[in-house]
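Below is one structure; the comments refer to it alone.
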Amino acid sequence: MSTMSPSARLDELLGHEQKRKAPGWIGDAIYGVNDGLGAIFGIIAGVAGYTPNSHTILVSGFFGALASTLSMGAGAWLATKSENELMEKAIHEAEQSIRQHRDKEIEILSLIYETKGFTATEANEIAHRIAEDDELFVKTMAQEKHGIHEASRGNVWGSAISGAISTFIGGIVPLIPFFFMRGIGAVIAAAIVSLLAHFVVGALKSLVTVRSWWSSGIEMTLAGVIVGVISYLLGVFGSHIL
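Numbering-wise, this note's numbering comes out as the position in the sequence shown, counting from 1, plus 2.
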């Protein structure tokens with residue numbers, strides 16, 4: 003039998019499970035690359051439909067990549083900050099409810115455990131035992147009533163930086179051919195590189211989803227084809243009316 007404390011043993015077991023999972027930043031990076039790749043491929047296709055000027059396509063795509071990078075970084079920062087603030091609000095509300103209606107909160111917690119399969123006696127005993135520790139009581143009520151757990155608190159700057167960098171990387175991929183080629187050849191090469199990158203990113207998404215790598219890759223590639231074709235046709239249409 004283990005001599006470790008319950009909390010230490012739980013951390014050890016959860017730690018082993020976490021090692022078998024893909025780190026959270028991998029999912030954020032994949033989705034960031036996905037956003038950057040899709041957005042800039044769409045811009046390139048649209049501008050290519052509007053004008054064959056390679057320099058214009060490169061400049062439009064590059065500044066589009068910069069704009070997407072800044073937008074994604076700011077969006078990730080704000081989203082994570084908002085999630086943390088909602089978490090803090092839920093914990094604060096749990097503290098107030100316990101302070102003002104302690105017996106009612108104990109009853110609510112007891113009923114929650116009854117719905118999870120405990121008998122009324124067991125649930126009541128567990129609820130009262132948890133309520134003996136104010137800090138544990140607050141954390142438990144925040145989690146059971148609001149689904150909030152402090153371990154899920156995000157790092158706002160980490161989210162912003164990873165989101166921005168991955169988006170920029172994804173946005174630069176479709177532009178690579180234009181640094182070395184010009185004309186229709188560069189456009190065709192950009193389309194090929196972009197669609198291959200779509201497949202790779204889609205396949206990598208299988209690391210954080212239950213989809214198979216090939217079906218996820220094909221789905222992502224088809225999405226890229228749709229974005230590219232529609233953007234290109236809109237660019238052609240725009241060249242005739244503007």
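Think of the CB as a built atom: it goes at the ideal place given N, C-alpha and C, for glycine as much as any other residue.
Taking C-beta separations shorter than 6 Å and ignoring five residues to either side along the sequence, the partners of G173 in its chain run G38, I42, A67 and S70, following chain order. In the structure shown, P176 falls within a helical segment according to DSSP collapsed to helix, strand and coil. One Cα belongs to L198, the other to A205, and the distance between them is close to 11 Å. Contact between the region 42-62 and the region 221-238 is present: three or more C-beta pairs spanning the two stretches fall below 8 Å.
Contact between A92 and I150 holds: CB atoms are separated by about 4 Å, below the 8 Å threshold.
In this structure, V189 keeps its C-beta atom at 8 Å or more from the C-beta atom of P176. F182: not part of any alpha helix (DSSP H); DSSP gives it neither H nor E. Taking the Cα positions, M183 is about 13 Å away from P54.
Taking the CA atoms as reference points, L113 sits about 7 Å from A125. Looking at the backbone, the Cα of T121 and that of Y115 are separated by about 8 Å.
Rounded to whole angstroms, the separation of the alpha carbons of F180 and W215 is 30 Å. Under the Cβ criterion (8 Å, minimum of three pairs), the region 76-83 does not count as touching the region 128-145. Each of I100, H200, H130 and L88 was checked against the Cα of M222, and the nearest Cα belongs to H200. The beta carbons of V158 and K83 sit closer together than 8 Å.
Secondary structure at T223: helix, using DSSP grouped into helix, strand and coil. Straight-line measurement puts the Cα of N86 at about 14 Å from the Cα of A162.
Its chain contains E107, F139, V140 and M143 as the residues whose beta carbon lies nearer than 7 Å to that of I100, once the 5 sequence neighbours on both sides are disregarded; these appear in chain order. Straight through space, the alpha carbons of G165 and G156 are spaced by roughly 13 Å.
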